[in-house]
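Chains as they are written, first to last, in numbering that gives the first Met the number 0: chain A, 0 to 198; chain B, 0 to 198; chain C, 0 to 198; chain D, 0 to 198. These notes concern the structure reproduced below.
4 protein chains.
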Amino acid sequence: MAEDADPARRSIGARRNPDSAGAILEAAEAVLVEAGYSGFSIEAVARRARAGKPTIYRWWPSKAALLLEVYKRQKRVDIPDTGRLEEDLVGFLQNLFKHWRETSSGSIFRSLIAEAQSDETASAALAEYALGRPSHTVQIVERARQRGEVAEGVDSAPVADLISSYAWRHLLTNRLDQDEQSIRKAVGYVLRGIAAPGN
Amino acid sequence: MAEDADPARRSIGARRNPDSAGAILEAAEAVLVEAGYSGFSIEAVARRARAGKPTIYRWWPSKAALLLEVYKRQKRVDIPDTGRLEEDLVGFLQNLFKHWRETSSGSIFRSLIAEAQSDETASAALAEYALGRPSHTVQIVERARQRGEVAEGVDSAPVADLISSYAWRHLLTNRLDQDEQSIRKAVGYVLRGIAAPGN
Amino acid sequence: MAEDADPARRSIGARRNPDSAGAILEAAEAVLVEAGYSGFSIEAVARRARAGKPTIYRWWPSKAALLLEVYKRQKRVDIPDTGRLEEDLVGFLQNLFKHWRETSSGSIFRSLIAEAQSDETASAALAEYALGRPSHTVQIVERARQRGEVAEGVDSAPVADLISSYAWRHLLTNRLDQDEQSIRKAVGYVLRGIAAPGN
Amino acid sequence: MAEDADPARRSIGARRNPDSAGAILEAAEAVLVEAGYSGFSIEAVARRARAGKPTIYRWWPSKAALLLEVYKRQKRVDIPDTGRLEEDLVGFLQNLFKHWRETSSGSIFRSLIAEAQSDETASAALAEYALGRPSHTVQIVERARQRGEVAEGVDSAPVADLISSYAWRHLLTNRLDQDEQSIRKAVGYVLRGIAAPGN
DNA sequence: GTCTAAACGAGACGGTACGTCAAGTCTTGGC
DNA sequence: GCCAAGACTTGACGTACCGTCTCGTTTAGAC
């Protein structure tokens, strides 16, 4: 944001002003954290960012687009690599829950999912985001496959689907404070289902 | 709804008018089906039901409460009982997806989940609804346990959690048209994790 | 306006709240006086009246309708009755100019005319207002006709048209401070044109 | 405008580009004709002229200044010279009304008057324009005076004021389709008031 | 021939106001 | 005391312009 006493950002010519974009994204995150999804409005973001509403609409066609970009700006969650599939998955879920709990990411992602239920573009954006990259779980499972931990013929996509779904629902139902034991139990049932004989 | 051609229900005196309540619930469902969650407003429901807004607010303190009652009015999904755990679970998920797809239940439940992300009462209602009764999956698993299909020490709650989560996410991301094979695969991974030795 | 410390007017049920209407009209007049036509906006009126914009739009479909009602609320200008046509007309114009100068009526009427140049409804409202009642000038001339001051065959409508036009243009061009002599001269030319022989 | 297919005029160096000025004035007139005063905005003119907004603001400091220049570009109305005062005045008004009706001049002048009600510079410009030259009516009356048609001591300024006012009001209230008889009647009343004895 | 200054189109900027929609609260008057 | 009805304040929606600003380009005229 501008320092000192300059109260308003000026245009920097006929192109996007990164200061404005940054201030808007920061404001969006702050509003989401402080007022929650129900208090999240373009107006509120504009007020907080000291930006005009049209400036927001110029760059983000919908609330969803803004949310998604805010979410993408977040620091990513760590993917553990312990050499053992179960530890990797449990650790990943623990990291993810912690990340969602302790940063604004959780709020943002919840909002995004909620928005996707009523807004077509949010839905599309979310789908594209979800499918556009190999999920962390898929990466973890593939690594385990190379180590020989995974039974032949196991498809990692449904596994990732199960694990992601589990995470989503815990986020959506305020159950991110799950202890390690519970996570390990659920993950374990899936793992035993896909483990290579002898593992 | 009112008989004859009288377009407006009259008061029936100092007690709740069941016609009104019924008309409101029907209108809520109709609005949800026709306009989706984004078009679902108390205002729209009142218009459609030819009811006053205060009448709605008197009996349902929030949008969430109305949604929840609409959801509860829906016909429940069938729980298969084939004598084999895998068939039961796959069949149940297929029934559920079909039910969500082909009736208004899917829309309603999606809306309820979305609403719960911004409305505290919806969140509580949803939690209470989810936890207040043994889930269908728990029932199915428990039945299998009695048949000896389930390994000792297996906790049915995390299993139900995994299965429900899988269903929720498919609902929330418009993937209710999953074919049997995909469902069977995902369910299978969980099942092998909990199967009794020899099953 | 509400007395004491009650900051917000409440609804008084399913009918128009005269307090609100009054507050809006007063606010409209005040805004017009203080900020002029260029500063006159529905937003400003709503802010000043502590009313919601929809409340204004509910009762006045356009800026023009609001302006017109504000104008109609103004105290009317006195029509002299001296028994002599020239004195009546000169006196009337002097009264009118004074009224326009010293109350907010002048500003309001100017605004109304300006609004009518871009807004169809304002144009219609103004026309309806202008044609809907015999103008003051017509009344004055008709009275003179009964006294025998007016030549036979004289039509009072074009006379009123000339006099009204003269008044309008002086309003629109900030020349309401015309001295009696100038007014008398202009009126005199018209009068001599319509005087009965011997008058 | 630029030749060939080059869609954008370039700068021609450190001086005003007459092509741009011309295109802007033409665009302003076109916008006014097509969208009326309510649709007349600097933005719209710039779009239509394929010019940048700053180019317009550089040369015309306000909407009023642009309007005024557009008005001045218009072909002037013909002043008849029949040798008889009444015919001259009636003819002039007929020409003026026709000119206002059938060219864009009427729209432009209306807009200018409207603008002058909220914009100080427009007001000043209009006053300066109106007072800065002898009006057509004054010219006509002075010519008649030299022919001996006008009574001694008659001041042509108030006469012109009456006639101009009549014209203005008919413009502002959409009554430019007045037939000759009506005009002649109104003009006649004034004329008889100023005629030399025996005329 | 180089350099400076100004004008050009384009379009982003912070704002204000628009007119609409829905939220949740309130009162009336009928039953 | 419940009902339909509908007015109330509040506040967000997405859009149109406002007048200002900076950009990168172009050209004339001063050196």
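Virtual Cβ for every residue (Gly too), placed ideally from N, Cα, C.
Thinking C-beta only, is residue j closer than 8 Å to residue i?
| i | j | result |
| --- | --- | --- |
| Leu95/B | Val189/A | no |
| Ala115/D | Ala121/D | yes |
| Leu67/C | Ala124/C | yes |
| Ser134/B | Ala159/B | yes |
| Ala143/A | Val137/A | no |
| Ala63/C | Leu31/C | no |
| Arg174/A | Ser164/B | no |
| Ala166/C | Thr172/D | no |
| Arg191/D | Arg191/C | yes |
| Ala113/C | Ala195/D | no |
Taking just the CA atoms, how far does residue j sit from residue i?
| i | j | result |
| --- | --- | --- |
| Ala1/B | Ile41/B | With a pLDDT of 35 at Ala1/B, under the threshold of 50, the modelled position of this residue cannot be trusted; read the value that follows with caution. Roughly 21 Å between the two C-alpha positions. |
| Lys184/A | Val153/B | 9 Å |
| Phe91/C | Val89/D | 28 Å |
| Arg132/C | Tyr70/C | 15 Å |
| Pro6/C | Ala45/C | Because the pLDDT of Pro6/C is 45, which lies under 50, any placement of that residue in the model is unreliable, and the number read from its coordinates should be weighed accordingly. Using only the alpha carbons, I get a separation of about 14 Å. |
| Arg15/A | Arg57/A | 10 Å |
| Pro53/D | Ala43/D | 13 Å |
| Asp80/B | Asp87/B | 6 Å |
| Trp99/A | Ile78/A | 14 Å |
| Arg146/D | Gln145/C | 37 Å |
| Lys97/D | Gly38/A | 59 Å |
| Glu151/D | Glu151/C | 26 Å |
| Thr102/B | Ile11/C | 43 Å |
| Arg75/C | Val76/D | 39 Å |
Which of the three DSSP states, helix, strand or coil, is assigned to residue i?
| i | result |
| --- | --- |
| Val76/B | coil |
| Ala194/B | strand |
| Val158/D | helix |
| Val153/A | coil |
| Ala50/A | coil |
| Gly21/B | helix |
| Glu148/A | coil |
| Gly12/A | coil |
| Gln180/A | helix |
| Thr136/B | helix |
| Ser40/B | coil |
| Tyr188/B | helix |
| Arg168/C | helix |
| Leu31/D | helix |
| Arg174/C | coil |
Let me check understanding here. Comparing Cα to Cα, which of the options lies closest to residue i?
| i | options | result |
| --- | --- | --- |
| Asp18/B | Arg146/B, Ile55/B, Val30/B | Ile55/B |
| Leu170/C | Gln116/C, Ala121/C, Ser104/C | Ser104/C |
| Arg49/C | Ile23/C, Val30/C, Glu28/C | Ile23/C |
| Glu25/B | Gln73/B, Asp77/B, Tyr128/B, Ala63/B | Gln73/B |
| Val186/A | Ile193/B, Arg109/B, Gln180/B, Val32/B | Ile193/B |
| Pro60/B | Gly35/B, Asp118/B, Ile112/B | Asp118/B |
| Gly35/A | Arg109/A, Ala64/A, Thr172/A | Arg109/A |
| Glu33/B | Asp178/B, Ile107/B, Glu85/B | Ile107/B |
| Leu65/A | Glu85/A, Ser37/A, Glu28/A | Glu28/A |
| Ser155/A | Gly12/A, Leu84/A, Arg75/A, Thr172/A | Leu84/A |
| Pro157/D | Gln145/C, Glu179/C, Glu151/C, Val140/C | Glu179/C |
| Arg9/A | Ser37/A, Phe39/A, Gly38/A, Gly51/A | Gly51/A |
| Asp176/B | Ser37/B, Gln93/B, Phe39/B | Gln93/B |
| Val140/D | Gly82/D, Arg75/D, Gly38/D, Phe39/D | Gly82/D |
- Task: Give, in chain order, every unbroken run of the alpha helix (DSSP H) that is at least 4 residues long and sits entirely within the stretch 52 to 132 of chain C.
- Result: 52 to 58, 62 to 72, 84 to 101, 104 to 115, 119 to 130
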